[in-house]
Structures are given as C-alpha cells and as structure tokens.
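Let me begin by presenting the structure, written as structure tokens, before commenting on it.
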Amino acid sequence: MSFLDSLAAGLALVGNLESFLALALGVAIGVIGGAIPGMSATMAVALTLPFTFSMQPITGILLLLGVYKGGIFGGSIPAILIKTPGTPASSATILDGFPMAEKGEAGRALGMALWASCTADVISNLSLILFAGWLASFALSFGPPEFFTLILFSLTIIAGVSGDSLLRGALSALLGLMLATVGLDLVYGTNRFTFGDPNMMGGLNFIAVLIGLFAIPEVLAMVWNPTAHLGNARKLGSSWVSFADYKKSFKSIVRGSFIGVFLGSIPGIGAAPAAFLSYSEARRKSPDKENFGKGEVEGVAASEAGNNGVAGATLIPLLALGVPGDVITAIIIGAFMIHGLQPGPMMFVLNANIIYGLFIGLIVSSVFLFFIGSLAIRGFRFVADIPKRILVPAVLILCIYGVFAVNNNVFDIGVMFAMGWVGYGMMRCRIPAAPFLIAFILGPLLEDNFRQSMLMSGSDWKVLFRGPITWFFWGATALTVVAIVRTSVRAIKNMNIVRSSVDVTIE
Amino acid sequence: MDEKALQLRLGIGACVASAVLVLFAIPNFVTAPSNVLNVVLSPLFWPYTLSALTGVAGLALIAASLRMPNTGEPVNEASDERGAAILRMIGIIIIMLVSLYLFKRLGLVWTCVLAFLATAFLVKTRHPITAIVCAVIIPLLLYAFFTHVAGVAIPQGNFVRLP
Chain A
1230 MSFLDSLAAG
1240 LALVGNLESF
1250 LALALGVAIG
1260 VIGGAIPGMS
1270 ATMAVALTLP
1280 FTFSMQPITG
1290 ILLLLGVYKG
1300 GIFGGSIPAI
1310 LIKTPGTPAS
1320 SATILDGFPM
1330 AEKGEAGRAL
1340 GMALWASCTA
1350 DVISNLSLIL
1360 FAGWLASFAL
1370 SFGPPEFFTL
1380 ILFSLTIIAG
1390 VSGDSLLRGA
1400 LSALLGLMLA
1410 TVGLDLVYGT
1420 NRFTFGDPNM
1430 MGGLNFIAVL
1440 IGLFAIPEVL
1450 AMVWNPTAHL
1460 GNARKLGSSW
1470 VSFADYKKSF
1480 KSIVRGSFIG
1490 VFLGSIPGIG
1500 AAPAAFLSYS
1510 EARRKSPDKE
1520 NFGKGEVEGV
1530 AASEAGNNGV
1540 AGATLIPLLA
1550 LGVPGDVITA
1560 IIIGAFMIHG
1570 LQPGPMMFVL
1580 NANIIYGLFI
1590 GLIVSSVFLF
1600 FIGSLAIRGF
1610 RFVADIPKRI
1620 LVPAVLILCI
1630 YGVFAVNNNV
1640 FDIGVMFAMG
1650 WVGYGMMRCR
1660 IPAAPFLIAF
1670 ILGPLLEDNF
1680 RQSMLMSGSD
1690 WKVLFRGPIT
1700 WFFWGATALT
1710 VVAIVRTSVR
1720 AIKNMNIVRS
1730 SVDVTIE
Chain B
3 MDEKALQLRL
13 GIGACVASAV
23 LVLFAIPNFV
33 TAPSNVLNVV
43 LSPLFWPYTL
53 SALTGVAGLA
63 LIAASLRMPN
73 TGEPVNEASD
83 ERGAAILRMI
93 GIIIIMLVSL
103 YLFKRLGLVW
113 TCVLAFLATA
123 FLVKTRHPIT
133 AIVCAVIIPL
143 LLYAFFTHVA
153 GVAIPQGNFV
163 RLP
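Sequences listed follow chains A and B, in order. Under this note's numbering, the first sequence has 1418 at position 189, and the numbering climbs by one with no breaks. Under this note's numbering, the second sequence has 82 at position 80, and the numbering climbs by one with no breaks.
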C-alpha cells in the first residue's frame, strides 16, 4: 500500500461524523478532567476507557486521544488560576502563569497557554506522522532477541526517570513484572500464583490494575485529607493574549515543542521534565530573562509548548514499537488490546488504515483543542465549583462500573480495590506507579520474547547479543543505568553537603 | 518519617518480600512440569529471577539509605487531624468490603447508590442534598449507558429490578 492509498484508507475510516464527535467529546472531557484539581489527564483517560469498549476501535481510540490532548492543556487552567497544576505536566506553567494571574492577566496567560499548546500539538503530531512510519519499517526486522533488549531498555529508562530514585523505580518495575507472572504459564500452561482460583488463570485484568493504580489512590488521598485541592480562582482580567505576544514567544514555542517531541519519543520521560527543560531554555535565551518567574508571558508559552510537544511524540514508540512511553499511552495500549489490535511495526502493515486514521484525527484534534480550550477558559469557574467531596464518590462509582464492564466480573472490582491500596501505599512511599504499570503490561512480552529467543537458539545466551540492534539496546541500557546512578550519587552527595552546611550554620 | 527512614524501610521490605517469594510463595504456588529440558524455559525461572532481583534492589536501597543524611523532614504532608483521617481510611475499607459483598445480592446499581452516599458522608460533604441526588442519578445513568448502549449485563440483585 502506498502512502496515498494508506492516507485515503485512513480518511475513509475517520471521515464521518461519529469519529469527529468522539474526538471533540474527548477533547472536552480531557480539558474538564485536566482542569479539575485532584483529577488529572491520566485519571480522565482511565475513566473514559470503559466507555470505549462498545465503540468501533478507531472511534474509541480517537476519543481517548482527544481526552489525552485536552487533559494536558486543561491542567494549565488551575495551574494559572489557583496555583494548583491539574496535571503534573503543568507544574512549570505555575512559575509564570500564577504571577500573571495575580497581576490581573490570567486571561492573557491562559490565552498564551492555549496558543502555545495548539502550536506544539501540531508540531508534535507532524513529528509523529514523520517518524512513526520510518521507525516501524525499521522495527519490522526485529526478532525476539531485539524486542527483548528493546523492552529491557524501555523498562530501565522508565524505572530510572519516573520518580526521584532509580532504585525505587526499579523496585516498582520488578513488582509490576512479578504481578504479570500471575496466571497460566505461557509455554507449559501450569499455574503461577493462581491459588486454584479460575478468575486468576488468565492473569489479573489489565484495566482493573490500571484503574486501581491511578484512580483509586486519588480517592483514598482525598479520604485521607478531604480539604486538599481547595483554592480560590483568580479572575480572568481584561487583558487578552495578542498576536504580538505570540510573535514574541514564537521561538520559545517552537524550541519547546521540539524539546517535547524529543523527550516524548523516549519512553518514560514524560511531559513534566519537557516543560521544565523548555522553560529553562526559554529563560536562558530570552532578552527578558529577569522577568521570568515574575509573570512573563514567554515563560507560560515555553512550558506549555514543552508539555504539549510530548503528547503526540509519546505515540511514536507506542505505534511503531508497541512500547508505551508513559502511563497515558499505557492506558491507550489497553484500548488497542481490548479491540484486538496490537500496536507495533506489524500494525503499519496489517492495519495501516487505522494508523493513518489516527494521524488524521490527531491533526484535527489540535483544531478542536483551540476552540474547546477557548470555551473552557471562560467556563473554568463552573468546573472549579464542582464540590470535591461529591467528585470523590462519583469517581469511585465510575471506577466500579468501568472495571465491571470489562469482563462482567465482580472479582475484577476486588482486584481494582486491592490495587488501589497498593497504589496508595506506593504514593505514600514515593514509589512511582508508572514503572509498575508499564512493567505489568510489558512483562508477558518481555518473558515471551526471552523464552522465544532461548527456544530458537537452543538456550544459547549469545542470541541476546546477536547483532548491532541488540548491542545498541544493551549499550543504551548500560549507559542509562550509569547516567542515572551517577545522578543519584551526586544528589545524595549534595544532600549531605547541604545538611552539613545547615549543621554548621546552626552551631 | 524522613527520606532516609523511608528508604531503609523500603529496602528491608523488599528483602523480606524477596525471601518470602523464594522460600515460600514460589515453591508452593508455582508449578512446573518435571520434564522441562532447560532451566531457563521453566515456569519457575522468571519468578525466581525477579524475586532475586527484588532482593538485590532491597539491598541497594538499604545501602543507599545508609549514605543519606537525616533530614528530619517528613516525606508526606500531615492530615488535618490524624486520628480522624485514620478512622476515615478504616471507613473506606469497610465501604469497599461491604460493597464487594453486596454486589451480587443487592445488584450493582443499588450497592453503588449506598457506596456513593457512604463515601460522600465519610468525607463530610458540605452538600448533602446534592450528594443524595447524585448518589441516585449517577449509578442509574451509568446503568442505562452500560446496559442499553454498551450491552453489558449489569447484575440486578435479588430485590429491586430495573428495565
């Protein structure tokens, strides 16, 4: 199939009212979900997932992608108006967004956030279209040893950069891999941790685990401290973003978008570091650097461009290699799986129409984001007024229905509750949940590719080092570990230095 | 609990988990056929490898904690009232357990109505009327969507049945 044939097939698939409505609805849900402090883009995507089961695959996936895109922008609204990021990705937006709101320029800050988000979104989507196909055609030559080393590399980097510490990330990933062993063995069909319960023979339900890990802990956190997330929203003010503001910030927006694209295409890094890096680069290069942190519109533009630049790029490893780059794409891979689709290089061959349909939908989503985002900025006070103590039980009930709908099984609800407590424990212990979930998803693939490699080589370990691709991934894994360990050791040294200087000052 | 104490406890916890898995859980709850030709293909290989790595991660966490300074700064923000917060957490555990028990008896919809109300009052909602209205409407709307749009057979229970 040529590029034009694929494009035409994709257009035929999404060129209907249902797909565009799903996309627009998704963006609206995402913006609202991201704008509600205490919810997040991740939770919004997780809670929307069960509603896509009965839809056509392309419609369901477009809905979720819309939620993802909308959620990342939506997080900037409370970040600017009440100094509480709706999603972790919006943390950098507070630095200049909130001071602008305090000066009565919230409308200008939000307008710039929207314009920067939409520009970054377009750049990110174009990068996805450009690179995903190229990477997938390269990955078609991968065999089990290459996939094993690729997944190992992805897990290493996700474990290393998801939280504050490589060791806690590694522990989280190991626990996720261990949980993935529950069920019947892939080769021999014998029981592994099933305790004789038929419900556990197919392994733990992925949707129950992910909703348990990412939605229930927020419910429990709210039960622990119901008065958290309360804040007074600032007024929008009379000034609005101008084309001169946009022109002034354009370089920072484009730079931030490419930073987002680069970091987003590496599994595990995510939107928050991209936003901070984009912000610091903009401050370094700006002639008004002394205004950064005091309400500089370019600062808002840079951080929003950084976090939205990630949104399309995280789909590059997902679609081309079948490796989710962050938690949201891990949830989206679940939507693919529910509909019997396996993202990866073969999808570009077998389901090219879906891939190109998604590309078209993503481009359109930027337009929807612009219009829906403009409305959301004006309507935020209604979202901010939703009582959190009504929202908490509503989220709980949504989780229960959503998880039950996967298999019509009450056992899955029990799994979700149990995983909710595990997730809450991890949250309290500062163990990142992302490596756990991604390892849980990739665990069976990792083991399967390892065993296939062993079977095809007659258990010769050398097969795992059989060519330049495996060597590349082994090298990248080793480099990642060395870099993260060095950073961790340096951080501990710095803590010791700070501590000793504080002690000296006290004496 | 400061960062150092947390790291130390996590390390000890990981080592204990690894020991329990290697010495008790894997031998008792993972079965492998006796005719496996190569150890790396055995269903036991992966769980044992992961358990061993968990132990190594635990030891590394302990070693890292010993190098960390005592900051004395708590890792988590304290709740407004610790005693009340603990009672609320016990309350939510009870709500979850009772819900699991009631799903098949009362049905998903009515159990969710009760769970909604119980959770809303547990977190001391300032909008009791809204909570009651939402507790009825949200589960019914979700029932209507999943039953009539998504085609999911939502359990109805033994008492009040819905169309």
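Using N, Cα and C, we set each Cβ at its ideal position, and we do this for glycine too.
Here D1641 of chain A is buried. Its C-beta has 16 or more other C-beta atoms within 10 Å. Within chain B, no C-beta atom comes less than 7 Å from the C-beta of L1343 of chain A; the nearest is roughly 31 Å away. Just so you know, the alpha carbons of L1339 of chain A and T33 of chain B end up roughly 58 Å apart.
Per DSSP, the beta bridge partners of M1268 of chain A are A:P1266. If you look at S1235 of chain A, you'll find it in the alpha helix (DSSP H) that goes 1232 to 1243.
Taking a cut-off of 8 Å on C-beta distances, the region 1431 to 1444 of chain A does not touch the region 1694 to 1714 of chain A, as fewer than three cross pairs fall below it.
Contact with chain B is found for I1629 of chain A, since one of that chain's Cβ atoms lies less than 8 Å from the residue's Cβ. By the beta-carbon neighbour count (other beta carbons within 10 angstroms, threshold 16), R69 of chain B is exposed. For R128 of chain B, the three-state secondary structure derived from DSSP is coil.
For C17 of chain B, no chain A residue has a Cβ inside 9 Å of its Cβ, as the nearest lies near 11 Å away. Per DSSP, S1686 of chain A is one residue of the alpha helix (DSSP H) stretching across 1662 to 1686.
L1591 of chain A does not reach chain B, its nearest Cβ partner there being about 25 Å away, counting only Cβ pairs nearer than 7 Å. Between the region 1524 to 1533 of chain A and the region 1251 to 1261 of chain A there are fewer than three C-beta pairs closer than 8 Å, too few to call the two in contact. Only exposed fits A155 of chain B, as fewer than 16 other CB atoms lie within 10 angstroms of its CB. By the Cβ criterion, the region 1318 to 1326 of chain A is not in contact with the region 1277 to 1285 of chain A, since fewer than three pairs of Cβ atoms, one from each stretch, lie closer than 8 Å. In this structure, the beta-carbon distance from V1448 of chain A to V1621 of chain A falls below 8 Å. T149 of chain B and R1680 of chain A have their alpha carbons spaced roughly 42 Å apart. Per DSSP, the unbroken alpha helix (DSSP H) holding T56 of chain B starts and ends at 47 to 69.
Under the three-state reduction of DSSP, L1406 of chain A is assigned to helix. In the three-state scheme derived from DSSP, where H, G and I count as helix and E and B as strand, N40 of chain B is classed as coil. Between the C-alpha atoms of G60 of chain B and R163 of chain B there is a straight-line separation of about 52 Å. As computed with DSSP, R1421 of chain A is found in a beta bridge with A:G1412, B:V32.
When DSSP states are grouped into helix, strand and coil, F161 of chain B belongs to the coil group. Residue contact with chain A for F161 of chain B: absent (no Cβ-Cβ distance below 8 Å to any residue of chain A). In this structure, the beta-carbon distance from S1468 of chain A to R1337 of chain A falls below 8 Å. Residue range 1556 to 1567 is occupied by the alpha helix (DSSP H) that includes A1559 of chain A.
Contact holds between the region 1351 to 1363 of chain A and the region 1580 to 1599 of chain A, because three or more Cβ pairs, one in each stretch, are under 8 Å apart. Residues of the region 123 to 137 of chain B that bring their beta carbon within less than 8 Å of a beta carbon in chain A comprise L124, V125, K126, T127, R128, H129, T132, A133, C136, A137, in sequence order. Counting every other CB atom within 10 Å of its CB across the protein chains shown gives L1343 of chain A a total of 16 or more, marking it as buried. Annotated three-state conformation of E83 of chain B is coil, per DSSP. According to the DSSP assignment, W1363 of chain A belongs to the alpha helix (DSSP H) that extends over 1335 to 1368.
Secondary structure at E1525 of chain A: coil, using DSSP grouped into helix, strand and coil.
Using a Cβ-Cβ cut-off of 7 Å, V1416 of chain A is close to L43 of chain B, given in chain order. Selection A:N1678, A:R1719, A:R1659, A:I1667 evaluated against P76 of chain B yields A:R1659 as nearest (Cα-Cα). Its chain contains A1365, A1368, L1369 as the residues whose beta carbon lies nearer than 6 Å to that of P1574 of chain A, once the 5 sequence neighbours on both sides are disregarded; these appear in chain order.
For the region 1630 to 1642 of chain A, residues whose beta-carbon sits nearer than 8 Å to a beta-carbon of chain B comprise Y1630, F1633, A1634, N1637, V1639, I1642.
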